[in-house]
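Q: One structure coming up, written as structure tokens, with questions to follow.
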Amino acid sequence: AYFRASGSQDAAGSRRLREIFESIAHGDPVDRGEGARDAVSSAMAFLTGQFDARFGGFGPAPKFPRASALSFLLDAGLPAARPAPEDPPPLTLLTTTLTRMAEGGLHDPIGGGFFRYSVDAQWHIPHFEKMLYDNALLLPIYAEASARTGMRNYREVAVTTAHWMLKTMRDREGGFYSSLDADSDSGEGGYYLWDAREVEQRLTAEEWSLIAPHYGLDAPANFEGRWHLAVQEPAADLATRLGLEREVVEARLRSGLEKLAAARAKRAPPRIDEKILVSANGLAIAGLARAGRILDQEDWIDGAWSAARFIRSRLVTSGRLMSSFCGGATRGPAFLHDYAALLMGLIELLESRWTPTGYEWCLALADDLLLRFEDRERGGFWFTADDQPTPLMRPKIWEDDASPAANALAARALALLGHLAESDRYLEAAARTVDAGRAHSTSAPGAHLALITSAWILEQPGSLMILRGDPLELPRWQSAIRAQATTGQHLFAVPAEADVPSGLIRRCIPRGPACLYVCTGTQCSEPITSLQALHSGLTGAAGATTGPSAVRDNQLAKWPGGH
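Each residue of the sequence shown is one higher than the one before, counting from 69 in the working numbering.
This is the structure we're talking about:
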């Protein structure tokens, strides 16, 4: 009907249609007349309004993990938000959601990992598909929350999630598959379901007396006449009710689950989707590297490096990053989210374990990102490269979906790499992206949580720590530094003999067995050369002023938070 109009109406309609397409292509925000409000406060208000105080999560069923919301709470909501007296504090939103997700049926207590989403508000019955990107994003969130709160169950969730990724989802060459199907030979979810009598027969009486009430196996079945394991009575409550030590309860639950795991391993498992996607692998690299660093799990970092090497060997063709690999073949040039996720993953890897080749790859990837995707006129990045066909429009996407918006990831990665490499080019691109996205996050904060998080982090003063020295001495220093470091401080441990052709690290000259430089912008402290001087050095040197660059003197002398 739109195109059947005639005369001036047809011309006006055609112009309007073109304007709509152009607006979509540029990612222009919708003007809702709300005015400019503080983005973090607006996002916090949105999440508070959506929060389910009883079961955690945001909004009604079906409930999704909302990794961007959880990351926002960790990185911006907890340190920045000042809720109204009647509102729950941000930490309550975070811990309630993480705990309910971990205890509910969204999390697999036997094999590890999280399912795609829950069909009910209680997190009991999931859609039984497991996605790599969901778990890659949730892994570092649980690791970070474990470190900040001391809650050991968060650490256990991180450990089992990483184990699932490394054991079940990894190709023999090191890349990670994209997903695990919901269906198996026994139907949707059948691989994960139990008959209560079967469980009882496999356990000792002591184990059954705890497993049954813990997972509700002594209550009516919760999924088509069978039971999907979701916590009904937490271990601490069981211990109190039965007058047992909590350690005894946890040990018996653990031994019972081990027996169920052995039984489940004999079933035909769900099919794995063996596509290896660069975007999901970039998130997996970042998640394993960061969580491994936080929880001191070197094998996770090894797994992240294996995935990076797989991408380098299998998904770079004639110097061009490709998007996916399956059946021995690469498919299609990479999109923005592939570049942004991989760049963030490689930077997390460098912070976990420095290699000169990894640093050089970061620089080359960032250069290619700017060359192929940046909108230098309006700021931000296009979804497609400059030589990819776009029949209707070349989109620019700012909103989060199941993963953080690629523009938000790109801004964070470029800002941190810009300081590390002392590159105004990267820093300016990050600033232009954040500036271009402000109207979007103001218009709809709930849909742009990753962008809001990136913008807030980029505007906070932080410190970049460079540790140089003997490779055998560096781990001891790293442990001592991370025990004292705060959010917003990044530590890169670079062996004295490493060849660093350019950037901030080149100016941080090794002295003695090991030494630490604490840098702000382009200016670094005098080297800290003993562990005894470490505490005062970290607290005193972080106030160093920036160098002469006008860019760094202002907005760009900032970088993302993290460990």
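Even glycine gets a Cβ: it sits at the ideal position worked out from N, Cα and C.
Note that the structure is predicted; figures quoted are calculated from it, not measured.
#1: Can you give the Cα-Cα distance for Ala434 and Tyr494, rounded to whole angstroms?
#2: Distance check for Leu411 and Asp386, CA to CA, integer angstroms please.
#3: What residue range is occupied by the uninterrupted beta strand (DSSP E) comprising Thr588?
#4: From Arg168, Leu535, Ser323, Arg579, pick the residue whose C-alpha is nearest to that of Tyr585; which is it?
#5: Where does Ser139 land, buried or exposed, given buried means 16+ other C-beta within 10 angstroms?
#6: Taking the continuous alpha helix (DSSP H) assigned at Met237, which residues delimit it?
#7: Which residue wins for smallest C-alpha separation from Leu460, given the options Trp466, Glu467, Thr452?
#8: Quick test of your reading: Leu234 and Gly371, contact by CB under 8 Å. State the CB separation rounded to the nearest angstrom.
#9: How big is the Cα-Cα spacing for Ser347 and Ala409?
#10: Grab the span of the beta strand (DSSP E) containing Val568 for me, first residue to last.
#11: Can you tell me the Cβ-Cβ gap for Arg270 and Leu325, rounded? I've got them flagged as a contact below 8 Å.
#12: Closest to Tyr407 by C-alpha separation, out of Asp202, Ala476, Ser110, would be which residue?
#13: Would you kindly report the start and end of the unbroken beta strand (DSSP E) that includes His192?
#14: Given this structure, state the Cα-to-Cα distance separating Leu115 from Ala512, to the nearest angstrom.
#15: In the DSSP assignment, find the beta strand (DSSP E) that holds Ile534 and state where it starts and stops.
#16: Which of the three DSSP states, helix, strand or coil, is assigned to Gly426?
#17: Alpha carbon to alpha carbon, how far is Ile353 from Ala582? Give it in angstroms, no decimals.
#18: So is Pro338 buried or exposed if we call it buried at 16+ other beta carbons inside 10 Å?
#19: Ala333 and Gly173 look like a contact to me (Cβ under 8 Å); what is the Cβ gap, rounded to whole Å?
#20: Below 9 Å between beta carbons: does that hold for His516 and Ala111?
#21: Could you check how far apart the C-beta atoms of Tyr210 and Val187 are, in whole angstroms? I think they sit under 8 Å.
#22: Hey, how far is the Cα of Asp286 from the Cα of Ile178?
#23: Cutting at 7 Å between CB atoms, please list the residues of its own chain near Arg388, excluding the five before and the five after it.
#24: Assuming Ala566 and Pro424 form a contact by the criterion Cβ under 8 Å, report the distance between their Cβ atoms to the nearest whole angstrom.
#25: Taking the alpha-carbon of Leu205 as reference, which of Ala473, Arg122, Pro457 has the nearest alpha-carbon?
#26: Just to confirm the assignment, what range does the alpha helix (DSSP H) spanning Val502 have?
#27: Would you say the segment 130-137 touches the segment 146-153, given that touching needs at least three Cβ pairs under 8 Å?
A: So, from the listed chains and residues:
#1: As a first step, residue 434 is located in the sequence shown; it is residue number 366 there, counting from the start. As a first step, residue 494 is located in the sequence shown; it is residue number 426 there, counting from the start. Distance between the alpha carbons of Ala434 and Tyr494: 8 Å.
#2: Indexing the sequence shown from 1 puts residue 386 at position 318. Indexing the sequence shown from 1 puts residue 411 at position 343. Here residue 386 turns out to be Ser, not Asp, going by the sequence shown. Each residue's alpha carbon lies about 19 Å from the other.
#3: In the sequence shown, the residue the question calls residue 588 occupies position 520. Counting along the chain, the beta strand (DSSP E) containing Thr588 begins and ends at 582-588.
#4: By one-based count along the sequence shown, residue 585 stands at place 517. The shortest Cα separation from Tyr585 among Arg168, Leu535, Ser323, Arg579 belongs to Leu535.
#5: Taking the first residue of the sequence shown as position 1, residue 139 is located at position 71. Buried.
#6: The residue given as residue 237 occupies position 169 in the sequence shown. Per DSSP, Met237 belongs to no alpha helix (DSSP H) and is neither H nor E.
#7: The sequence position of residue 460 within the sequence shown is 392, counting from 1. The shortest Cα separation from Leu460 among Trp466, Glu467, Thr452 belongs to Thr452.
#8: Numbered from 1 along the sequence shown, position 166 holds the residue referred to as residue 234. Numbered from 1 along the sequence shown, position 303 holds the residue referred to as residue 371. That pair is a contact at about 5 Å.
#9: Mapped onto the sequence shown, residue 347 falls at position 279. Mapped onto the sequence shown, residue 409 falls at position 341. Roughly 5 Å between the two C-alpha positions.
#10: If you number the sequence shown from 1, residue 568 lands on position 500. First-last for Val568: undefined, no H or E at that position.
#11: Mapped onto the sequence shown, residue 270 falls at position 202. Mapped onto the sequence shown, residue 325 falls at position 257. Between Leu325 and Arg270 the Cβ distance is about 11 Å, and since that is not below 8 Å, they are no contact.
#12: Here residue 407 corresponds to residue number 339 of the sequence shown, with the count starting at 1. The residue with the shortest Cα to Cα distance from Tyr407 is Ala476.
#13: Numbered from 1 along the sequence shown, position 124 holds the residue referred to as residue 192. Premise fails: His192 is in no beta strand (DSSP E) and is neither H nor E.
#14: Here residue 115 corresponds to residue number 47 of the sequence shown, with the count starting at 1. Here residue 512 corresponds to residue number 444 of the sequence shown, with the count starting at 1. Going from the Cα of Leu115 to the Cα of Ala512 covers about 12 Å.
#15: As a working note, residue 534 is residue 466 in the sequence shown. Counting along the chain, the beta strand (DSSP E) containing Ile534 begins and ends at 531-537.
#16: Translated into the one-based positions of the sequence shown, residue 426 becomes position 358. Of the three classes helix, strand and coil, the one that applies to Gly426 here is helix, per DSSP.
#17: Translated into the one-based positions of the sequence shown, residue 582 becomes position 514. Translated into the one-based positions of the sequence shown, residue 353 becomes position 285. Computed Cα separation, rounded: 28 Å.
#18: Sequence index remark: in the sequence shown, residue 338 carries index 270 (1-based). By the 10 Å Cβ count, Pro338 comes out buried.
#19: Sequence index remark: in the sequence shown, residue 333 carries index 265 (1-based). Sequence index remark: in the sequence shown, residue 173 carries index 105 (1-based). Not really, about 20 Å apart at Cβ, beyond 8 Å.
#20: Position 448 of the sequence shown, counted from the first residue, corresponds to residue 516. Position 43 of the sequence shown, counted from the first residue, corresponds to residue 111. Cβ atoms of His516 and Ala111: closer than 9 Å.
#21: In the sequence shown, counting from the first residue as 1, residue 210 sits at position 142. In the sequence shown, counting from the first residue as 1, residue 187 sits at position 119. No, Tyr210 and Val187 are not in contact; Cβ-Cβ is about 22 Å, not under 8 Å.
#22: For the purposes of this step, residue 286 is taken as the residue at position 218 of the sequence shown. For the purposes of this step, residue 178 is taken as the residue at position 110 of the sequence shown. Taking the straight line joining both Cα atoms gives about 19 Å.
#23: Taking the sequence shown and counting its residues from 1, one reaches residue 388 at position 320. Closer than 7 Å at the Cβ level, and outside the excluded window around Arg388, lie Pro401.
#24: Here residue 566 refers to the residue found at position 498 when the sequence shown is read from its first residue. Here residue 424 refers to the residue found at position 356 when the sequence shown is read from its first residue. Correct: roughly 6 Å between the Cβ atoms.
#25: For the purposes of this step, residue 205 is identified with residue 137 of the sequence shown, where counting begins at 1. Out of Ala473, Arg122, Pro457, Ala473 has the C-alpha closest to the C-alpha of Leu205.
#26: Residue numbering aside, residue 502 sits at position 434 when the sequence shown is read from its first letter. Taken as a continuous stretch (DSSP letters only), the alpha helix (DSSP H) holding Val502 covers 492-511.
#27: no
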